[in-house]
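Asks: My questions will all concern the structure given below.
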Amino acid sequence: MLSDSQHLELSTEQGTPERHDPFAGELVIEGIGVAPGIAIGPAYLYARAAFEVEERHITREELDKELSRFERAVAKSERDLNKIASVAKEKLGGDSSSIFEAQALMLHDSELYDAVREHIEQDHMSADYAIQTVINKHRQLLNASDSEYLRERANDMLDLQDRIVRHLRRGKLLSVVDADSIVIAENLTAADIVLFSRRGILGTAMDYGGSTSHVSIMARALSLPAVVSTHGITSHLQTGDLIILDGLEGRVIIHPSEKTLAFYREYQERYRRLQHEQKQLVPLPAETIDGHSVRLMANVEFKEELKLLKEYGAVGIGLFRTEILFLMQRRINLSEDEQFATYKQIVETVGPHPVTFRVLDFGGDKMLPLGHREHNPFLGWRGIRILLDKPELMVPQIRAIMRASAYGPLRILIPMVTELNEVFEFRRVMNGIADDLRANGEDFADSIPIGIMVEVPAVALKAHRFAAEVDFFSIGTNDLTQYTLAVDRGNDLVSDKYQELDPAVLLLIKQTVTAAHDVGIKVSLCGELAARPQATPLLLGLGVDELSASPVYLPEIKRVVRAVNMEETRALADDALCCGDAHEVKALLKNWMHKHACDLASYLEQDS
Amino acid sequence: MVVREVIVTNRAGLHTRPASMIVRTASKFDSDFFIQKDSYEINGKSIIGVMTLAAEQGATLSLTFEGEDEAAAADAIAELFESGFGEVK
């Protein structure tokens, strides 16, 4: 780890790529792009070890100086935290600022403040060492707890320690990360992201994290290009190394060659112009050249994301994953009223556009907080299978959703259906609830559309039977791909075989759409495939009526929709269905997009 | 000395936000304030203390106030618990 003086030395050299070892080749690290955009600049390696504290004692003469050093650091930390809290409140609203407010209170907590002063005055510890000693004591207590909540609070205390120590050492927080740098870390917290964006960093990459982790959502909300899951990136670079961060493709390029650099500089410039143009698209309809319209909707997991809908022009929520509410609270017994309050708030915010509530989809990779374990959870007790077995989970949720329907349009989506009977059972439960609500004088919408997730091949194959019983289909391409190709995408040994564009998956989509359109119901698609603009013409050609994705991706999808001709996408889909494997489909899409000049690269080229 | 029994009614228990509210409110009064849960007692004016209580929904707490303004302090803190810390119920 670099010492402070080394760090200062490096900072003065930042932005000068010539510093690099000329023999070091370009190194490309692949990850997951979670917030789009291109950043080019010096890396800033952010590591906790930078704030390591040594055991140090002071002399009696230094005592007053040490105490006032501590006072100053506390005052500055307090100012930071108040600032971060207000940024968090303004950008994300709600409870997102509470942790920073609590950290600010901790600064003056007698358990911390008085104890640190005591260690300095009586034990002649340095302020750094005194803080670490006190905080360590509390962290040990918290870490020993059975409660996950308390163990997380131990991390909050470590955050606070780092903050005070930084102020003790440098006198100002400005050096936490350098402005105009790309922050590289093993792991960052949502708080880090808020703070860094305020400092004006260019982007961030980290070893851990997934596209739905809170830190990724925060990066998207703050429009900060971000790549996660870059296994081991921190070991490949140093602070000051010039890097390129590609949040679109999910890639970090270390020591880029002159050629790569030139390409990306131009690409970045065009992307900026593109973003500007995309903003103009927000109020326009998602309509092909020949007047065929598609509904672009948002996948939402946290209430904090609701404000992004308007910003990116989402016309409603195509998928609200209700289990996230339960997982966030880490408990299974959210009451009907608690759920109702949340659903009502969402429906009121999103209205007049519809909100699609997918009822609890526990099981699979989302562990049910019931301590239940299975050998093969993806083929086990999940989604509707759990709900029908556990009325105590299902009934309060359906009641809460139905009551919320009095406040704005909503649809109900049933996950993991495989048999018609599950739909009949679900409807029976719903009818019973409707009678009961009516008897109690509760208000709810007369007709609430009920749809099913098409994520098991069996449902796609029986789509014509299901189409007669439901009001809409929603194709979940992530699971449909796993189940069709028998590939667990979380398994590194086979994850390269996880191909959403495999013709088998496309055939199932086609069959689903045909069955739905035969009886006049709509098909939505809400897997990750929906977020990929390269696939947009194909999905249009297959006849999908609605695409639902993380809001930030919608403007680019809309740009593609508005650049294509429906007739031509149908021909593209026919060709894709005849391909032998996913690689052929990808090549076909690439050529087609290029030929029709609607891929990002050609669009950006035209623009120059 | 004033002693009050309260029950944690808000759904997520005494998590970060309610804990902050308790400490902020208690700090407005001069009286000493302690919270007891089972056999564990903490200083109610300490955010670290209140958070380590890890009081979940349904937990019964005993609040002790001692000082000139103990009655007013007890009312103010009890009111926070009764209102469920302003969470939507």
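Each protein sequence line maps, in turn, to chains A and B. Under our numbering, think of the first position of the first sequence as 210, with each following residue one higher. Under our numbering, think of the first position of the second sequence as 1282, with each following residue one higher. Even for Gly, the Cβ is constructed at its ideal location relative to N, Cα and C.
(1) Looking at chain B, is there any beta carbon in it that lies within less than 8 Å of the beta carbon of cysteine 787/A?
(2) Output the distance between the C-alpha atoms of glutamate 310/A and arginine 360/A, rounded to the nearest integer angstrom.
(3) Any residues in the segment 306–338 of chain A with a beta carbon nearer than 7 Å to a beta carbon of chain B? Which ones, in chain order?
(4) Just how far apart, CA to CA, sit leucine 751/A and histidine 501/A?
(5) Quick one: grab the DSSP three-state call for tyrosine 255/A.
(6) What is the C-beta distance between isoleucine 541/A and glutamate 510/A, in whole angstroms, given that I count them as a contact (C-beta under 8 Å)?
(7) For aspartate 688/A, which residues from the same chain have a beta carbon less than 7 Å from its beta carbon, with the 5 sequence-adjacent residues on both sides left out?
(8) Are the beta-carbon atoms of tyrosine 521/A and proline 764/A separated by less than 8 Å?
(9) Is the beta carbon of valine 424/A sitting closer than 8 Å to the one on glycine 459/A?
(10) DSSP three-state call for aspartate 455/A: helix, strand or coil?
(11) Helix, strand or coil for valine 722/A per DSSP?
(12) Closest by CA to leucine 350/A, which one among Ala1335/B, Gly1348/B, Ser1364/B, Ala1354/B?
(13) Roughly how many whole angstroms lie between the Cα atoms of phenylalanine 232/A and tyrosine 253/A?
(14) Is glutamate 557/A close to chain B, meaning its C-beta is less than 8 Å from at least one C-beta of that chain?
(15) To the nearest angstrom, how far is it from the Cα of isoleucine 340/A to the Cα of glutamine 1317/B?
(16) Ordered along the chain, which non-local residues of its own chain (more than five positions away) have a Cβ less than 8 Å from that of leucine 272/A?
(17) Take the Cβ of phenylalanine 633/A as the centre, count every other Cβ of all protein chains shown within 10 Å, and call the residue buried at 16 or more, exposed below.
(18) When we look at the beta-carbon of glycine 380/A and count the other beta-carbons within 10 Å, is it buried (16 or more) or exposed?
(19) Measure the alpha-carbon distance for serine 251/A versus glycine 240/A and round it to whole angstroms.
(20) Given a threshold of 16 other Cβ atoms within 10 Å of its Cβ, counted over all protein chains shown, does asparagine 800/A qualify as buried or as exposed?
(21) Check for me: the alpha helix (DSSP H) holding glycine 1365/B runs from which residue to which?
(22) Just checking my contact of glycine 525/A with proline 563/A at CB under 8 Å: how many whole Å lie between their CB atoms?
(23) Apart from the five residues on each side of it in sequence, which residues of its chain come closer than 8 Å, Cβ to Cβ, to glutamate 776/A?
(24) Note down the Cα distance separating methionine 366/A from glycine 527/A, rounded to an integer number of angstroms.
(25) Sort Ala615/A, Ile426/A, Gly449/A by Cα distance to proline 245/A and report the nearest one.
(26) Does any residue of chain B bring its CB to less than 8 Å from the CB of arginine 360/A?
(27) Less than 8 Å between the C-beta atoms of valine 732/A and isoleucine 684/A, yes or no?
(28) Output the distance between the C-alpha atoms of serine 1327/B and threonine 1341/B, rounded to the nearest integer angstrom.
(29) Any beta carbon of chain A sitting closer than 8 Å to that of serine 1320/B?
(30) Nearest to alanine 615/A by alpha carbon, out of Pro605/A, Glu651/A, Asn364/A?
(31) Please state the DSSP three-state secondary structure of alanine 266/A.
(32) Using three-state DSSP, classify tyrosine 616/A as helix, strand or coil.
(33) Taking the alpha-carbon positions, what's the glutamine 708/A to threonine 690/A distance?
(34) For histidine 485/A, does the count of other Cβ atoms within 10 angstroms reach 16, so buried, or fall short, so exposed?
(35) At which residue ranges does the segment 731–772 of chain A contain complete alpha helix (DSSP H) runs of 4 or more residues, listed in the order of the chain?
(36) Is there at least one Cβ from chain B nearer than 8 Å to glutamate 547/A's Cβ?
Replies: Inspection of the coordinates gives the following:
(1) False, the Cβ-Cβ gap to chain B never drops below 8 Å.
(2) Approximately 19 Å, taken between the alpha carbons.
(3) Of all residues in the segment 306–338 of chain A, Ser307, Ile308, Glu310, Ala311, Leu314, Met315, Asp318, Ser319, Glu320, Leu321 have a Cβ within less than 7 Å of some Cβ in chain B.
(4) Roughly 13 Å between the two C-alpha positions.
(5) If DSSP states are grouped into helix, strand and coil, tyrosine 255/A belongs with coil.
(6) Between glutamate 510/A and isoleucine 541/A the Cβ distance is about 18 Å, and since that is not below 8 Å, they are no contact.
(7) Hits under 7 Å: Glu664.
(8) Judged by beta-carbon spacing, proline 764/A lies within the 8 Å limit of tyrosine 521/A, meaning their Cβ atoms are closer than that value.
(9) In this structure, glycine 459/A does not lie closer than 8 Å to valine 424/A by Cβ.
(10) Strand, per DSSP.
(11) Looking at valine 722/A - three-state DSSP - the assignment turns out to be helix.
(12) Considering only Ala1335/B, Gly1348/B, Ser1364/B, Ala1354/B, the residue with the shortest C-alpha distance to leucine 350/A is Ala1335/B.
(13) The predicted position of phenylalanine 232/A is uncertain, since its pLDDT is 43 and thus under 50; no value can be drawn from it.
(14) So no, glutamate 557/A is outside the interface.
(15) Taking the straight line from one Cα to the other gives about 27 Å.
(16) If we look at leucine 272/A and ignore the five residues flanking it on each side, its Cβ neighbours are Ile329, Glu330, His333.
(17) That one is exposed.
(18) Reliability fails at glycine 380/A, whose pLDDT of 46 lies under 50, so the model's placement of it is uncertain and no value is given.
(19) The question names serine, yet the displayed sequence has proline at residue 251/A. Distance between the alpha carbons of proline 251/A and glycine 240/A: 19 Å.
(20) Classification for asparagine 800/A: exposed.
(21) Note, glycine 1365/B: premise wrong, no alpha helix (DSSP H); not H, not E.
(22) Separation of the CB atoms of glycine 525/A and proline 563/A is rounded to 5 Å, and the pair is thereby assigned contact status at 8 Å.
(23) Asp499.
(24) Put simply, the backbone Cα of methionine 366/A is about 38 Å away from that of glycine 527/A.
(25) Ranking Ala615/A, Ile426/A, Gly449/A by CA distance to the CA of proline 245/A puts Ile426/A first.
(26) Taking 8 Å as the threshold, the shortest C-beta distance from arginine 360/A to chain B does not fall below it.
(27) In this structure, isoleucine 684/A lies closer than 8 Å to valine 732/A by Cβ.
(28) Going by the C-alpha atoms only, they are around 19 Å apart.
(29) With 8 Å as the cut-off, serine 1320/B does not count as an interface residue toward chain A.
(30) Of the candidates Pro605/A, Glu651/A, Asn364/A, Glu651/A places its Cα closest to the Cα of alanine 615/A.
(31) Alanine is not the amino acid found at residue 266/A; the sequence shown has histidine there. Histidine 266/A: strand per DSSP, three-state reduction.
(32) Helix, per DSSP.
(33) Taking the straight line from one Cα to the other gives about 7 Å.
(34) Its Cβ having fewer than 16 others within 10 Å, histidine 485/A is exposed.
(35) If we require 4 residues or more, the alpha helix (DSSP H) runs fully inside the segment 731–772 of chain A come out as 745–750, 763–772.
(36) Chain B, which has a Cβ nearer than 8 Å to the Cβ of glutamate 547/A, makes this yes.
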